[in-house]
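J.: Chains as they are written, first to last, in the numbering used here: chain A, -2 to 285; chain B, -2 to 285.
Number of protein chains: 2
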Amino acid sequence: MKKALAIDVGGTKIYGAVIDEKGEIKSEIEKHFTPKTFDEIISLFKDIISRYENEVDAVAFATCGAVNNTNDGILGSTGNIVKEYPSANFKSLSSKPVFVENDANAAAWAEHITGASKGMAYSVMLTLGTGVGGGIILDNKIYKGKNGAAGEMHFKIRTDKHRKCTCGAWDCFEAYASGTGLKKTAEEITGNPEITTYEVIENRERPVMQKILKAWQDDILTGIISLANIFDPDCIVLSGSMAEFADIEYLEREANKEIVTTPFKVLRASAGNYSGMIGAALLALGVK
Amino acid sequence: MKKALAIDVGGTKIYGAVIDEKGEIKSEIEKHFTPKTFDEIISLFKDIISRYENEVDAVAFATCGAVNNTNDGILGSTGNIVKEYPSANFKSLSSKPVFVENDANAAAWAEHITGASKGMAYSVMLTLGTGVGGGIILDNKIYKGKNGAAGEMHFKIRTDKHRKCTCGAWDCFEAYASGTGLKKTAEEITGNPEITTYEVIENRERPVMQKILKAWQDDILTGIISLANIFDPDCIVLSGSMAEFADIEYLEREANKEIVTTPFKVLRASAGNYSGMIGAALLALGVK
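1. Regarding residue 111 of chain A and the ligand COA, is the C-beta to nearest heavy atom distance less than 7 Å?
2. Can you tell me whether residue 176 of chain B is buried or exposed? The criterion is at least 16 other CB atoms within 10 Å of its CB, across all chains shown.
3. Going along the segment 206 to 225 of chain B in order, which residues come within less than 8 Å of chain A, judged by CB to CB distance?
4. What residues in its chain sit with their C-beta under 7 Å from that of residue 258 of chain B, if we drop five residues either side in the sequence?
5. Since residue 109 of chain B is in the alpha helix (DSSP H), which residue starts that stretch and which ends it?
6. Could you list the residues in the segment 159 to 177 of chain B with a C-beta less than 7 Å from some C-beta on chain A, going in chain order?
7. According to the Cβ coordinates, are residue 22 of chain B and residue 13 of chain B closer than 8 Å?
8. List the residues of chain A whose Cβ lies closer than 8 Å to the Cβ of residue 69 of chain B, in chain order.
9. Enumerated in chain order, which unbroken segments of the alpha helix (DSSP H) with a length of 4 residues or greater are wholly contained in the segment 119 to 185 of chain A?
10. Determine whether the beta carbon atoms of residue 78 of chain A and residue 8 of chain A lie at a separation below 8 Å.
11. Looking at residue 182 of chain A: is its Cβ nearer than 8 Å to the Cβ of residue 212 of chain A?
12. Report the rounded CA-to-CA distance for residue 154 of chain A versus residue 217 of chain B, giving the unit in angstroms.
13. Going by DSSP, what residue range makes up the beta strand (DSSP E) through residue 235 of chain A?
14. Should residue 89 of chain A be labelled buried (16 or more other beta-carbon atoms within 10 Å of its own) or exposed?
15. Would you kindly work out how many angstroms separate the C-alpha atoms of residue 215 of chain A and residue 238 of chain A, rounded to a whole number?
16. What's the gap between the Cα of residue 167 of chain A and the Cα of residue 107 of chain A?
17. Quick one: does residue 259 of chain B have its CB under 8 Å from some CB of chain A?
18. According to DSSP, is residue 195 of chain B part of a helix, a strand, or is it coil?
19. Is the Cβ of residue 264 of chain A closer than 8 Å to any Cβ of chain B?
20. Check residue 42 of chain B in the structure and name its three-state DSSP category.
21. How about residue 231 of chain B: is its C-beta nearer than 8 Å to some C-beta of chain A?
22. Report the neighbours of residue 12 of chain A on chain B: residues whose CB is nearer than 8 Å to its CB, in chain order.
23. Does the count of Cβ pairs from the segment 64 to 72 of chain A and the segment 33 to 52 of chain A closer than 8 Å reach three?
24. Measure the beta-carbon distance from residue 263 of chain A to residue 222 of chain A and round it to whole angstroms, keeping in mind my assumption that it falls under 8 Å.
25. Ignore the nearest five residues each way along the sequence and tell me which others in residue 53 of chain B's own chain have a CB closer than 7 Å to its CB.
26. Look at the alpha carbon of residue 190 of chain A and the alpha carbon of residue 180 of chain A, and state the distance between them as a whole number of angstroms.
27. Taking the alpha carbon of residue 95 of chain A as the reference point, which residue from A/43, A/112, A/105 and A/125 has its own alpha carbon closest?
28. Got a sec: which bits of the segment 59 to 84 of chain A sit with their beta carbon under 8 Å from any beta carbon on chain B, in order along the chain?
29. Could you tell me whether the Cβ atoms of residue 97 of chain A and residue 58 of chain A are closer together than 8 Å?
30. Taking C-alpha atoms, which residue in B/152, B/186 and B/188 lies nearest to residue 172 of chain B?
31. What is the DSSP secondary structure of residue 271 of chain A, counted as helix, strand or coil?
32. Compare the C-beta of residue 99 of chain A against all C-beta atoms of chain B and say whether one is closer than 8 Å.
33. Taking beta-carbon pairs under 9 Å, can you tell me which members of the segment 271 to 285 of chain A lie near chain B?
34. Roughly how many whole angstroms lie between the Cα atoms of residue 210 of chain A and residue 197 of chain A?
35. Hey, would you say residue 105 of chain B sits closer than 8 Å to residue 132 of chain B, going by beta carbons?
36. Can you give me the C-alpha to C-alpha distance between residue 76 of chain B and residue 41 of chain A, rounded to a whole angstrom?
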C-alpha cells in the first residue's frame, strides 16, 4: 500500500506522520513548535523528510496560508508565521513528489474521503478554532478559485462596523464564529474584558454563559444559512476545537427552516485531530 | 449555423426569440404578459414553439425558479408565478431537444460566452432588479450545487433582524441590494414610506438621495467582498436594471482593499437586455 509523509504546518506547531492511502497513520506523530525563523523552519522540514523519505511515495504538506493551484507554493502572506515562509520552495525539499495544500482544504478532503462527508459530492467544512478555516468540496473536488485562495470565511455578517477581524476588515464571519469571536461575544455580554473562552466553556451551565453560547451559535447559524443558500450543498461539516460546543441538531433544524435552496445536513467532523495531515496525504497519493 | 428558440419566463412577462450559436437574435422578439393560469402559460409556450419549431435545432427556456441538474424541470416553488408552474413538463412541449435553465444562470452564461466575463473561468453575476438574481460560473461551468438550487443571493448581511426578505428570512443580501432594498433604505433614511426607487434615481443629485444611494451601494459592496472571499473569482458582474446606478470603479477599488483572496474585477454586464434568452440558447446549442 502506498504511503506519504504528511507534514502539518501551523503558526504554533508543526506535526509529521507517515499516512497510508487508506488515511491511516502508520508512524509516531512528530510534534514540534514552529521555529521563529525561516531557515529553522526549512531545516526542520528537511530533518523530518530525511527520516521518512525512503519509506514513502510522496511528501504532503497541509499548511497555513492559501496554496496555489499547482499545489507547490503559497500565495501571499499567512498571518502568524514568519513572513518569508510563503517563499518556501517545497518541491526542492525531497526527491519524492511533493504536494502542498492549505490545511483547511486538506482537512475537508479527509472528511470527504474518510469522514463525515464521505460519499457526498458537495460539502463545506468550517473549522472553528482560534480562527475559522474553510474548505469547500464541489462536485467531489476541492474548490480553490482562480488562484487557489478561495474558501476564506471572511464573508461579512454585519454592516455596522461592530467588530474588527484579524484580517483587518470589519465583521467577518470568522470574527464571530471563532473561539476568539466567542471570547469577544462574552466580553460584550458580561462587560468583563478578562473573560476567557475557557471560562465560558467551563461554566456553561450558568445562564449568562448559556446566553453567550447562544449568541455565538446564532452567528454560526447565520453563516451556515448563507453558505447553504450560495452552494446548495449536501452538508456543512463543523470541525476544530470549538465544534464540540455547537449544537449540531439545532443548527441543522434552524438552518433548514430558513434556506431557499434544498435540504442539507449539518455534521460534526469525524476524521479526527490529524485530518489536515490525512487529507494532504490522500491528495498527494491521488486518493479520490 | 445552428439556432435555438429561446423563451424567457418571468413572473410578469414571457419573451421569445430565435437565437443563433453566436448569441445573435435572429427574429423579432415576442413579448407577452405572463398568463395567470397554468393552462394558459402552457398554451402560450405551445403557441410560440409551434411558430418557430421547424426552423430551430433546440428549444431553450430561461426561467424564474431553480432548475434541476438534468435541465428539464423546476425545483420547488418560484415566487411570483402561478403555483403549478414548477410542474411543467418542458420536454413534452417540442419534438426538438428542450433545455431549461434558471434565468440568472442563463444570463451569467451569456456574459461568460459573449459579454463582460468572456474568457474568465470564475465569475459571479449579480442581477440587481426588483430582487437580486445570482449566477455563478466556476471553472467555465455553471455552478448549480447538489440539486440545482445554488447561487441564491440570500446570504445574510446583518444579524439584528432588521429587514425581512421576500424569502421569509431576515436580512438577506437581496433585501438590501435589490431595487426593493433601495426603496426600503430610502424609507429608513427619509422617514417617508411613500418614497419610490424612481424618485431616488430621478433626484440623485440631491444630498439626501446621494446618502441613500451610498448606503445602498455599501450594502452591495459588503456582498461583493463576501463573495470574493468565498470564491476567489476573476470577476463579479453586475447586471439588471439597477446596475447602472452602481459605481463600478468604487466597488472594485474598495472591495480589493478588503479581501483576503486575490485581486478581482467588478464589471458591468454587456450581453444586453436579453442575456437570459441568449445564455439559454447558447447552453441548448452546447456553446462553451
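We put the CB at the ideal spot given by N, CA and C, even for glycine.
If you're wondering where the values come from, they're calculated on a predicted model, not measured in any experiment.
T.: Considering the structure as presented:
1. As far as ligands go, the structure on display features none, and thus does not contain the ligand COA.
2. By the neighbour-count rule (16 or more Cβ atoms within 10 Å), residue 176 of chain B is buried.
3. Listed by position, the residues of the segment 206 to 225 of chain B near chain A (Cβ gap below 8 Å) are 215, 216, 219, 222, 223 and 224.
4. The beta carbon of residue 258 of chain B lies closer than 7 Å to those of 225, 226 and 229 in the same chain, with the five residues before and after it left out.
5. Residues 100 to 111.
6. Within the segment 159 to 177 of chain B, the residues whose Cβ lies closer than 7 Å to some Cβ of chain A are 164 and 166, listed in chain order.
7. Contact flag unset, no.
8. The premise fails here: residue 69 of chain B is roughly 17 Å from chain A at the closest Cβ pair, so nothing lies under 8 Å.
9. The qualifying runs are 171 to 174.
10. In this structure, residue 78 of chain A sits near residue 8 of chain A, with a CB-CB distance shorter than 8 Å.
11. Their beta carbons are under 8 Å apart, which means residue 182 of chain A touches residue 212 of chain A by this criterion.
12. Computed Cα separation, rounded: 13 Å.
13. Where residue 235 of chain A is concerned, the enclosing beta strand (DSSP E) stretches over 232 to 236.
14. Taking a 10 Å sphere around the C-beta of residue 89 of chain A, we find fewer than 16 other C-beta atoms and assign the residue as exposed.
15. Taking the straight line joining both Cα atoms gives about 18 Å.
16. One C-alpha to the other measures close to 31 Å.
17. Taking 8 Å as the threshold, the shortest C-beta distance from residue 259 of chain B to chain A falls below it.
18. In the structure shown, the three-state DSSP call for residue 195 of chain B is helix.
19. With 8 Å as the cut-off, residue 264 of chain A does not count as an interface residue toward chain B.
20. Helix, per DSSP.
21. Interface residue (Cβ-Cβ distance to chain A less than 8 Å): residue 231 of chain B is classified as such.
22. The CB of residue 12 of chain A never comes closer than 8 Å to any CB in chain B; the least such distance is about 25 Å.
23. In the pairwise beta carbon analysis, the segment 64 to 72 of chain A is classified as not touching the segment 33 to 52 of chain A: fewer than three pairs are separated by under 8 Å.
24. 11 Å between Cβ atoms; not a contact.
25. In chain order, 0, 1, 2, 15 and 93 place their CB closer than 7 Å to the CB of residue 53 of chain B, counting only its own chain and leaving out the 5 sequence neighbours on each side.
26. Going by the C-alpha atoms only, they are around 9 Å apart.
27. Looking at the Cα atoms, A/43 is the closest of the given residues.
28. Within the segment 59 to 84 of chain A, the qualifying residues are 63, 72 and 73.
29. Yes, the Cβ-Cβ distance between residue 97 of chain A and residue 58 of chain A is below 8 Å.
30. It is B/152 whose Cα lies nearest to the Cα of residue 172 of chain B.
31. Reduced to three states, the DSSP call for residue 271 of chain A is coil.
32. Answer no: the Cβ-Cβ gap between residue 99 of chain A and chain B never drops below 8 Å.
33. So the list is empty, because no residue satisfies the distance condition.
34. Rounded to whole angstroms, residue 210 of chain A to residue 197 of chain A spans 8 Å at the Cα level.
35. Their beta carbons are under 8 Å apart, which means residue 105 of chain B touches residue 132 of chain B by this criterion.
36. Roughly 59 Å between the two C-alpha positions.
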